[in-house]
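The structure appears right after this line, and notes come after that.
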Amino acid sequence: MEIKKTEQQRPWALYGVDVAAAATSSAMVAPFIAVVDRSIIENANGKTPLGQGLVQGFKTVFTQPLKFIRTSQFGLIYGLYFSTYISANVTDTTTERYNVPEGTAAWYKFIATSVVNMGLCIYKDRAFTRMFGVTATRALPTLTYFCFAARDALTIAASFNAPVYFAQWLNREYGVTQHDARVTAQLVCPASVQFLSTPIHLLGLDLYNRPEASVAQRTGLIRREYFKSALARIGRIGPAFGIGGVGNSYFRSFRSNV
86 MEIKKTEQQR PWALYGVDVA AAATSSAMVA PFIAVVDRSI IENANGKTPL
136 GQGLVQGFKT VFTQPLKFIR TSQFGLIYGL YFSTYISANV TDTTTERYNV
186 PEGTAAWYKF IATSVVNMGL CIYKDRAFTR MFGVTATRAL PTLTYFCFAA
236 RDALTIAASF NAPVYFAQWL NREYGVTQHD ARVTAQLVCP ASVQFLSTPI
286 HLLGLDLYNR PEASVAQRTG LIRREYFKSA LARIGRIGPA FGIGGVGNSY
336 FRSFRSNV
């Protein structure tokens, strides 16, 4: 395939912007996500009520920021989102350089980000579940891994692929400007999918926390915790792939200057 001449002259500069955009966007959202993830896990296992956990977590972020960013809690989240953003950015830049058709490029990005995000997110969830659990540390059940993988696949598709098509639809059907359509889609799609993925997430956690629970008990827990957990995950995913995604796109726009 023919490489665009202008792109061929500055590939490393473009990838450098991709790295900087990923690093900056991840730093913007990691503290918030780290607090919410811990709070959801401790609420699901009964260790700390959701509201109390959020208050305690954000108090630490704002009163002891240097101490917080040195914790494993922050490091795991930052590493996860930096890796996810850089995978998406590098894939986009590479497919643009080689003039890969839009549909094929979207699949390449979905595969690349899914492999990276799902692998690291499952590792992070395993670590968080053990770090903040109430039971003795043990291996996660196989079904928990499946739940986490299904949850992450939904999130990745809604964060990196769906916004492109939703933005095009808004532009075509309602005349929304391309910029406003992209921002709206980047905020709406990742948040909306949480209504589907939250029960899967709660089930995965409960399979670890209560290995002997009955189907009725698991259904009761999901019903009881669904609404507030879904709202918390929407609040979490907003920064993660909404605000963070908008920020990542903004920083990548500086590629036109290199």
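Note that the working numbering has the sequence shown beginning at 86, numbered continuously upward.
Positions of the beta carbon are idealized from the N, C-alpha and C atoms, including for glycine.
Quick one: Cα of residue i to Cα of residue j, how far?
i, j, result
"residue 213", "residue 318", "16 Å"
"residue 271", "residue 241", "12 Å"
"residue 237", "residue 314", "16 Å"
"residue 247", "residue 188", "12 Å"
"residue 175", "residue 305", "43 Å"
"residue 290", "residue 341", "44 Å"
"residue 253", "residue 263", "8 Å"
"residue 207", "residue 292", "15 Å"
"residue 136", "residue 101", "40 Å"
"residue 329", "residue 335", "10 Å"
"residue 110", "residue 303", "36 Å"
"residue 235", "residue 183", "31 Å"
"residue 333", "residue 299", "43 Å"
"residue 287", "residue 103", "34 Å"
Is DSSP giving residue i helix, strand or coil here?
i, result
"residue 144", "helix"
"residue 314", "helix"
"residue 275", "helix"
"residue 132", "coil"
"residue 239", "helix"
"residue 137", "helix"
"residue 248", "helix"
"residue 300", "helix"
"residue 262", "coil"
"residue 109", "helix"
Sorted by chain position, which residues of the same chain lie with C-beta nearer than 6 Å to residue i's C-beta, five sequence neighbours on each side aside?
i, result
"residue 195", "246"
"residue 210", "233"
"residue 266", "252, 255, 256"
"residue 222", "215"
Only counting the same chain, and skipping five residues up and downstream in sequence, which positions put a Cβ closer than 7 Å to that of residue i?
i, result
"residue 278", "239, 240, 243"
"residue 158", "119, 123"
"residue 191", "246, 249"
Going residue by residue through the stretch 162-220, where are the continuous alpha helix (DSSP H) segments of at least 4 residues, counting only ones entirely within it?
List check, alpha helix (DSSP H) in window: 187-216.
Whether or not the stretch 106-125 and the stretch 142-149 are in contact is what I'm after, with contact meaning three or more pairs of Cβ atoms, one per stretch, closer than 8 Å; do they touch?
yes
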